[in-house]
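**Student:** Structure incoming, see below.
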Amino acid sequence: MTETQIPTEQRLDIRLSVNGVPHTTTVTPRRLLSDCLRHDLGLTGTHVGCEHGVCGACTVRVDGKPMRACLMFAVSAQGHEITTVEGLAEPDGTMHPVQQAFRECHGLQCGFCTPGFLTVVSAFLEENPTPTEEEAREAVSGNLCRCTGYQNIVKSVLRAAEITEERKGCAHAEGDAR
Amino acid sequence: MKPPAFRYHAPTDLAEALDALAEVGHDGKVLAGGQSLIPMLNMRLAAPAHLVDINGLGELAYVRTDPGGVAVGALARHAEVEADEAAHAVVPLLRQGLRLVAHPVIRNRGTTVGSLAHADPSGEMTAVLALLGGSMTLARKGGTRTVAAEDFFVGPLEASIEEGELAVAAYFPRLPGRTGTEFVEIARRHGDYAMCGVAAAVTVDDDLRIVSARAAYLSLSPVPLVLDLTDALIGRTADTAVWQDAATLAAGSLEPEGDIHATAEYRAQLAGVLTVRALRTATERAALVDPNGNTGTTSTERSAR
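As given, the protein sequences belong to chains A and B, one line each in that order.
When we follow full-length UniProt numbering, the leftmost residue of the first sequence carries the number 1, and every step to the right adds one.
When we follow full-length UniProt numbering, the leftmost residue of the second sequence carries the number 1, and every step to the right adds one.
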């Protein structure tokens, strides 16, 4: 019997910065960022749906901008700051305004699509802190929710804008008190 | 699904990238934004043996505007071109088309030059480049060449990029005189590929009468189709034009095919309706253009976005 030689696949040592934490790991170049986050780094908050850029469940922020983690290779993410849904809350556990709004307005049902919505909406509100309902709809248009709960998701976006504003107000008030 | 295995090359400058492309030949594919390529890999519709990742080529991440038009480098993301005020002032059609390219999240990563190199007949940027009569700059080890839009798109997903060549830039020329533009499309879902899309450019004279009207179509033909519809509108103004005449003239040259998303008849109907909408808006905008101004845009247009 002759032995067939199976070519060894290229493997690369990479360094990723995720939610401010540096990680090192070894990947094949075809390792998708979404799989690297979940399987290599154990950050399972990023969900994987369609794997061709349609559903939006895997959206993470790359240098602040939302991007599809299933349409990036982990090797390409080196040198960039990745923020996943795990990185949205404050270090003390205080929920991000978008997380709080999704809870208050029932913006999540089964929750599978939620991490993608949260990362997209958190970035959107930084660019547009006072969106109209139409702008809110457009902002989430690249994300699918199979529980068909878009009404409450749009409400959540608008509520998150309010919460952000309220928290700013509180911060000012506290500052004044001191 | 997962991408097939490939050998990864990460050049850090253009010369290194061209060396890598020359070396890997027809087994190589360029990775820029990857928003079309990676889905094809994930679905195993493509299996290149080598990927040359040009994301390290910061020198190609530019949007440069001069009075004659806008040059876009291979690493400029759609979102960066869309947000560029100087580019919008000189070539408003760029932003009018870019806002219809997939979703904002895809535009954050995808590149304008990459979508042109991909040559998808449903791609908005292919229609924009074709309508404007723009060009592509292709570099290879030892030389560069410039290819006009009409010669660049060869067939569906096929551009005239040869082995070892890298599309380094696209040039979108400014349309002269009192010219207005508009880009409209109909998709089943906002951000999806359009079932039909129309980009239009209309030039009017000092009396605001139409002297030239052209339209480019996407999702209707293997390569972007540009039609001259001047005969149906010449001498008319936005108020007196019989728009349906232009739609009828266009219909004579369109041969849409049906697919799972829309029948041929429905696509033809969409093409007619969108032709009218795009031409009318472009004509109204043309009337607002200051022919002596340097920007070719108007304040109303800016506030409209």
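For each residue, glycine too, the CB sits at the ideal point set by N, CA and C.
So is Arg236/B buried or exposed if we call it buried at 16+ other beta carbons inside 10 Å?
**Tutor:** Indexing the second sequence from 1 puts residue 236/B at position 236. The residue in question, Arg236/B, is buried, as its Cβ has 16 or more Cβ neighbours within 10 Å.
**Student:** List, in chain order, every chain B residue whose beta-carbon is nearer than 7 Å to that of Glu51/A.
**Tutor:** As a working note, residue 51/A is residue 51 in the first sequence. Within chain B, the residues near Glu51/A are Met1 and Asn42.
**Student:** Quick check on this structure: which residue in Glu165/A, Gly45/A and Lys155/A has the alpha carbon closest to the alpha carbon of Phe69/A?
**Tutor:** For the purposes of this step, residue 69/A is taken as the residue at position 69 of the first sequence. The amino acid occupying residue 69/A in the given sequence is Ala; Phe does not appear at that position. That would be Gly45/A, whose Cα lies nearest to the Cα of Ala69/A.
**Student:** Using the beta-carbon of each residue, which ones in chain B are nearer than 9 Å to Ser34/A?
**Tutor:** For the purposes of this step, residue 34/A is taken as the residue at position 34 of the first sequence. Those do not exist, as Ser34/A stays about 10 Å from chain B at its closest Cβ, beyond 9 Å.
**Student:** Give me the chain B residues within the contact set of Gly56/A, using Cβ-Cβ distance strictly less than 9 Å, ordered along the chain.
**Tutor:** Within the first sequence, residue 56/A is the residue found at index 56, counting from 1. What Gly56/A touches in chain B: His103 and Val105.
**Student:** For Ala304/B, which of helix, strand or coil comes out of DSSP?
**Tutor:** Position 304 of the second sequence holds residue 304/B. At Ala304/B, the pLDDT of 36 sits below 50, so the modelled position is not reliable; the number obtained from the coordinates is stated separately. Helix.
**Student:** Tell me, please, whether the CB atom of Gln269/B is closer than 8 Å to any CB atom in chain A?
**Tutor:** By 1-based counting over the second sequence, the position of residue 269/B is 269. Gln269/B does not count as touching chain A.
**Student:** Who are the near neighbours of Tyr8/B in its chain, counting only those whose CB is closer than 6 Å to its CB and skipping five residues on each side?
**Tutor:** Within the second sequence, the letter at position 8 stands for residue 8/B. Result list for Tyr8/B: Leu51, in chain order.
**Student:** Closer than 8 Å, CB to CB, is Val120/A near chain B or not?
**Tutor:** What you label residue 120/A is simply residue 120 of the first sequence in a count that begins at 1. Yes - at least one Cβ of chain B is within 8 Å of the one on Val120/A.
**Student:** In the DSSP output, which residue or residues are listed as bridge partners for residue 333/B?
**Tutor:** Shown here, chain B extends from 1 to 305; a query on residue 333/B therefore has no answer.
**Student:** Mapping DSSP to helix, strand and coil, what is residue 179/A?
**Tutor:** Here chain A has residues from 1 to 178 only, and residue 179/A is not among them.
**Student:** Measuring straight from C-alpha to C-alpha, what distance separates Leu131/B and Leu37/B?
**Tutor:** Position 131 of the second sequence, counted from the start, is the residue given in the question as residue 131/B. Position 37 of the second sequence, counted from the start, is the residue given in the question as residue 37/B. The straight-line gap from Cα to Cα measures roughly 25 Å.
**Student:** Pick out whichever of Gly143/B, Pro67/B and Ala213/B has its Cα sitting closest to the Cα of Thr275/B.
**Tutor:** Along the second sequence, one-based indexing puts residue 275/B at 275. With distances taken between Cα atoms, Thr275/B lies closest to Ala213/B.
**Student:** What is the DSSP secondary structure of Ser299/B, counted as helix, strand or coil?
**Tutor:** Indexing the second sequence from 1 puts residue 299/B at position 299. Because the pLDDT at Ser299/B is just 38, under 50, the model does not fix this residue reliably, and the point stays unresolved.
**Student:** Is there at least one Cβ from chain A nearer than 8 Å to Asp53/B's Cβ?
**Tutor:** Within the second sequence, residue 53/B is the residue found at index 53, counting from 1. Output row for Asp53/B: interface = yes.
**Student:** Can you check whether the C-beta of Arg11/A is within less than 8 Å of a C-beta belonging to chain B?
**Tutor:** Within the first sequence, residue 11/A is the residue found at index 11, counting from 1. No, because no Cβ of chain B sits closer than 8 Å to the Cβ of Arg11/A.
**Student:** Is it the case that the region 16-31 of chain B contacts the region 39-54 of chain B, given that we only count it when at least three CB pairs across the two stretches are under 8 Å?
**Tutor:** The region 39-54 of chain B is in contact with the region 16-31 of chain B.
**Student:** If you draw a straight line from the alpha carbon of Arg77/B to that of Thr112/B, how long is it in whole angstroms?
**Tutor:** Counting from one through the second sequence, the residue named residue 77/B turns up at place 77. Counting from one through the second sequence, the residue named residue 112/B turns up at place 112. Rounded to whole angstroms, Arg77/B to Thr112/B spans 6 Å at the Cα level.
**Student:** On the CB-based measure, 16 or more other CB atoms within 10 Å of its CB, does Asn292/B come out buried or exposed?
**Tutor:** Position 292 of the second sequence, counted from the first residue, corresponds to residue 292/B. By the 10 Å Cβ count, Asn292/B comes out exposed.
**Student:** By how many angstroms is the C-alpha of Ile186/B removed from the C-alpha of Leu125/A?
**Tutor:** Locating residue 125/A in the first sequence gives position 125, counting from the first residue. Locating residue 186/B in the second sequence gives position 186, counting from the first residue. In a straight line, the C-alpha of Leu125/A is about 28 Å away from that of Ile186/B.
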